[in-house]
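Following: one structure in structure tokens, then a few remarks.
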Amino acid sequence: MDNQTQSKYNVVIIGSGFSGIVAANLLPDSGLSVLVVDENLHIGGQLLRKIPDKLGDYEVYHPDYVKKIGLRFVESAKQKKMTIMNRTCLMGIYPNNRLLLESERKEILDITCDVILFASGARERFLPFKGWTLPGVISTGMAQVLMKSSGILPAHRIMVAGSGLFLFSAAYEILKNKGKVISVLEQSGMMDKIRMVPTLLHQFSKVAEGGKYLSKIYLSGVPVKYRHKVVEARGNGELEEVVIGKVDSTGKLIQGTEKIIKTGALAVGYGFVPNIEAPQLAGCELEYSGSKGGWTVKVNDSLETTVPNVFAAGEITGIGGGLKSINEGKIAAVNILKKFEKIPSTQYYSQMAKLTKERKHHMQFVHYFNSLYNIPHNALLDIPDDTIVCRCEDITIGEIKKGIAAGYKTPKAIKTGMRVTMGNCQGRTCGPIIYDILTLLTGKQPDQTGPFHVRPPLKPLSIEALAGSIK
Amino acid sequence: MSEPFYKKVPTKPVVNPDANTPLTKSAIRCNFRYNHFMRGKIMENLRIGNIHRKVPIQFTVNGETVSAYKGETLLAALIAGGYRETKISPLKKEPRSALCGMGVCFECMVTVNGEPNTRSCMTEVQENMVVELNG
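Chains as they are written, first to last, in the numbering used here: chain A, 1 to 471; chain B, 472 to 606.
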């Protein structure tokens with residue numbers, strides 16, 4: 001690993017999460033020059049977070065099976081001959097695979113490459129409720145990030161709410177670190193999960209993981225409430241109490257079942273959406289599929305996107321967790337090697353046969369996993385009109401509904417007309433909700449109306465960096 | 472049952488008699504606890520027990536001294552120090568704090584060493600860092 005940057009690389013990998021780091025491990029041995037770019041403080045992405053060596057050491061540390069594999073890849077990547085740039089943001093992508101990056105030292109780097117591999121991962125999806133903007137309402141991901149990379153609990157008493165498997169993983173992590181989980185609220189019913197079990201035949205490790213989480217939660221005496229949701233978060237300046245209520249099988253709140261519970265923090269999570277902004281900017285075609293997690297990058301069997309020499313791997317082709325990302329990282333690496341003619345064709349076909357078969361099982365899991373996160377229409381209709389949806393621009397759901405009634409019926413129109421998704425986060429937080437609201441109110445699926453438009457810079461760029469680049 | 476430690480009223484803050492000599496560690500902790508109590512917050516130790524932390528550091532938030540450890544993110548250090556709120560929303564002027572914790576939502580933006588709009592979740596806390604909230 002070295003930090004010297006050059007202006008031309010064979011392969012640039014965007015994102016050093018599971019799939020990125022796996023692909024990065026397989027490429028440099030064949031003599032290709034590789035650059036790995038990651039925005040985070042440490043490489044490894046969201047799943048492979050651990051307490052940095054600088055901060056301290058664990059007394060006992062038992063990473064699970066998938067994480068152990070990933071951490072081994074991260075360590076071996078550091079030994080290989082490639083450039084790894086963490087704390088570096090991708091700002092723009094231009095024709096002929098030209099990339100503009102903003103480095104940690106606020107410099108603009110202009111880099112060209114032969115092949116780009118996008119492995120930009122996923123972010124969390126939210127469902128607004130009254131008071132979700134209060135300090136103290138956090139995502140389940142943030143609860144995990146605080147504990148895993150800084151060793152800090154978000155609060156002593158935490159309530160976990162939302163839908164999907166990740167709630168249990170977050171609750172498990174809090175309990176393991178001696179925090180108190182008041183209760184776990186799951187919007188869907190218990191039967192919805194059990195019905196899906198047959199599709200998990202090839203995912204023994206995931207079933208085992210789920211069992212581990214659930215047993216810890218039940219043994220700690222934490223109530224798991226199915227068909228419950230957060231109605232409102234209240235507090236003066238910061239979160240103090242949460243109103244919870246029962247929902248029926250269509251996701252509608254049953255009046256009169258509300259309860260008020262005091263809590264220090266509320267961790268919410270409603271599944272994941274792929275980070276497709278960068279591939280979209282590169283011109284890759286997207287496809288919308290609810291059972292893959294929303295807008296995903298369209299890829300063929302060798303994971304090449306619709307733009308030649310641009311590959312995509314990991315969560316951006318469908319939300320499916322660590323094992324799928326490892327598999328896709330390998331597929332992408334093998335196909336990139338083939339592109340540079342660095343792999344004999346017999347070896348290529350034998351490896352691809354094995355990997356493609358594995359990927360089929362992972363894609364089955366993708367469909368199961370994302371079906372748990374379906375947000376029912378009634379859950380959207382229950383949101384009161386004065387609830388903020390676009391947090392950056394303070395736009396409420398009432399205003400958005402009025403805008404749609406006035407004729408802003410596509411993402412592009414609502415963006416120009418209402419300023420939603422035009423704030424600092426560029427629609428990364430509220431965008432998925434707005435697709436759902438539009439589908440509900442106009443009756444048109446997102447693939448008919450198209451995604452929000454993206455343009456460079458992908459993240460806010462400091463003037464200092466711009467001024468430095470002019471010199 | 473004895474009362475939990477955070478419900479006890481902390482002792483008065485220690486005033487430094489001589490500006491040149493630094494405060495002792497226990498005095499700093501006493502002041503730290505008192506500051507929290509005065510802000511009407513329950514002093515909670517949110518740091519997870521089973522980690523041997525190496526280098527303790529100090530930084531200032533709106534002029535108050537806060538202790539943290541090297542390697543923590545600024546957001547984590549702020550939360551552990553009792554500072555939930557990081558910014559005021561632009562139009563409705565509501566208090567806000569981090570939502571995603573991984574650089575997506577931009578709700579944790581603070582001013583770090585004079586540089587505004589820095590995401591605290593993507594910044595490492597440093598010795599003598601000057602942080603301004605609600606900017």
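Every residue, glycine too, gets a C-beta built ideally from N, C-alpha and C.
Taking the alpha-carbon of residue i as reference, which of the options has the nearest alpha-carbon?
| i | options | result |
| --- | --- | --- |
| A:Ile397 | A:Ile437, A:Phe369, A:His367, A:Gly407 | A:Ile437 |
| A:Glu104 | A:Tyr58, A:Leu90, A:Lys342 | A:Leu90 |
| A:Leu214 | A:Pro28, A:Asn40, A:Phe166 | A:Phe166 |
| A:Val74 | A:Leu55, A:Leu48, A:Asp53, A:Asp64 | A:Leu48 |
| A:Glu59 | A:Val36, A:Leu117, A:Gly151 | A:Gly151 |
| A:Gly271 | A:Ala23, A:Leu185, A:Gly164 | A:Gly164 |
| A:Gly131 | A:Glu186, A:Leu117, A:Arg234, A:Leu55 | A:Arg234 |
| A:Pro457 | A:Tyr94, A:Ser139, A:Ala155, A:Gly264 | A:Tyr94 |
| A:Glu258 | A:Val247, A:Gly264, A:Leu266 | A:Val247 |
| A:Ile138 | B:Val575, B:Leu604, B:Val601 | B:Val575 |
| A:Asp301 | A:Thr439, A:Ser345, A:Asn25, A:Thr317 | A:Thr317 |
| A:Gly427 | A:Gln448, A:Ala77, A:Asp386, A:Phe452 | A:Phe452 |
For a contact defined as C-beta to C-beta under 9 Å, what are the partners of residue i on chain A?
| i | result |
| --- | --- |
| B:Val601 | Within chain A, no residue comes near B:Val601; the closest Cβ sits about 17 Å away, beyond 9 Å. |
| B:Thr531 | Ordered by position in chain A, no residue passes the 9 Å Cβ test against B:Thr531, which lies about 19 Å from the chain. |
| B:Asn588 | Asn424, Pro460, Ser462 |
Could you tell me which chain B residues have their CB closer than 8 Å to the CB of residue i, listed as they occur along the chain?
| i | result |
| --- | --- |
| A:Met479 | Coverage of chain A is limited to positions 1 through 471, which leaves residue 479 of chain A absent and any answer about it impossible. |
| A:Arg123 | Cys571, Met573, Val575 |
| A:Glu59 | Asn521, Ile522, His523 |
| A:Pro154 | Leu517, Ile550 |
| A:Lys54 | Lys525, Val526, Lys541, Gly542 |
In whole angstroms, give me the CA-to-CA distance for residue i and residue j.
| i | j | result |
| --- | --- | --- |
| A:Ile260 | A:Val243 | 5 Å |
| B:Arg555 | A:Lys459 | 24 Å |
| A:Gly70 | A:Met422 | 36 Å |
| B:Gln597 | A:His361 | 45 Å |
| A:Phe168 | A:Gly269 | 11 Å |
| A:Gly417 | A:Ile434 | 14 Å |
| A:Ala278 | A:Asn309 | 15 Å |
| B:Cys571 | A:Gly403 | 27 Å |
| A:Pro376 | A:Cys390 | 20 Å |
| B:Gly534 | A:Gly245 | 42 Å |
| A:Phe311 | A:Gly293 | 19 Å |
| A:Ala313 | A:Lys298 | 11 Å |
| A:Gly443 | A:Lys252 | 19 Å |
| B:Gly552 | A:Tyr368 | 41 Å |
| A:Gln280 | B:Leu604 | 34 Å |
| A:Lys342 | A:Lys330 | 15 Å |
| B:Ser568 | B:Gly585 | 20 Å |
| A:Arg98 | A:Val454 | 17 Å |
| B:Thr557 | A:Leu286 | 35 Å |
With which residues is residue i paired in a DSSP beta bridge?
| i | result |
| --- | --- |
| A:Phe272 | A:Glu124 |
| A:Arg87 | In the DSSP output, where bridge partners are listed per residue, A:Arg87 has none listed. |
| A:Ser289 | A:Gly294 |
| A:Gly162 | A:Glu186, A:Gly269 |
| A:Val366 | Paired residue(s): none; A:Val366 is not in a bridge. |
| B:Gln529 | B:Ser538 |
| B:His523 | A:Asp57 |
| A:Val515 | As shown, chain A starts at 1 and ends at 471. That puts residue 515 of chain A outside it, with no answer to give. |
| A:Lys246 | A:His228 |
| A:Gly92 | A:Leu100 |
| A:Cys390 | A:Ile395 |
What does residue i reach in chain A if we use C-beta pairs closer than 7 Å?
| i | result |
| --- | --- |
| B:Glu535 | The contacting residues do not exist; B:Glu535 stays about 18 Å from chain A at best. |
| B:Ile528 | By Cβ distance, chain A contributes nothing, its closest Cβ being about 11 Å from B:Ile528, past 7 Å. |
Note down, in chain order, every chain B residue with its Cβ under 9 Å from the Cβ of residue i.
| i | result |
| --- | --- |
| A:Cys425 | Cys571, Val575, Cys576, Phe577, Glu578 |
| A:Asn177 | Ile519, Gly520, Asn521 |
Measuring only from the beta carbon, is residue i closer than 7 Å to any heavy atom that is part of the ligand MG?
| i | result |
| --- | --- |
| B:Ala551 | Absence of the ligand MG from the depicted structure is noted, as is the absence of any ligand whatsoever, leaving it without description. |
For residue i, which residues in chain B fall below 7 Å Cβ to Cβ?
| i | result |
| --- | --- |
| A:Asp394 | Ser560, Pro561, Leu562, Lys563 |
| A:Gly151 | Arg518, Ile519, Ile522 |
Residue i: buried (16+ other C-beta within 10 angstroms of its C-beta) or exposed?
| i | result |
| --- | --- |
| A:Ala467 | exposed |
| A:His518 | Any answer about residue 518 of chain A is impossible in this case: the structure gives chain A only from 1 up to 471. |
| B:His523 | exposed |
| A:His62 | exposed |
| B:Ile559 | exposed |
| A:Glu209 | buried |
| A:Lys324 | buried |
| A:Thr112 | exposed |
| B:Val526 | exposed |
| A:Glu464 | exposed |
| A:Lys262 | exposed |
| A:Met147 | buried |
| A:Ser76 | exposed |
Since residue i meets chain A, which of its residues come closer than 8 Å, beta carbon to beta carbon?
| i | result |
| --- | --- |
| B:Glu556 | Pro135, Gly237, Glu238 |
Under 8 Å Cβ-Cβ, which residues of chain C neighbour residue i?
| i | result |
| --- | --- |
| B:Glu595 | Absent from the structure is chain C; the protein chains it does hold are A and B. |
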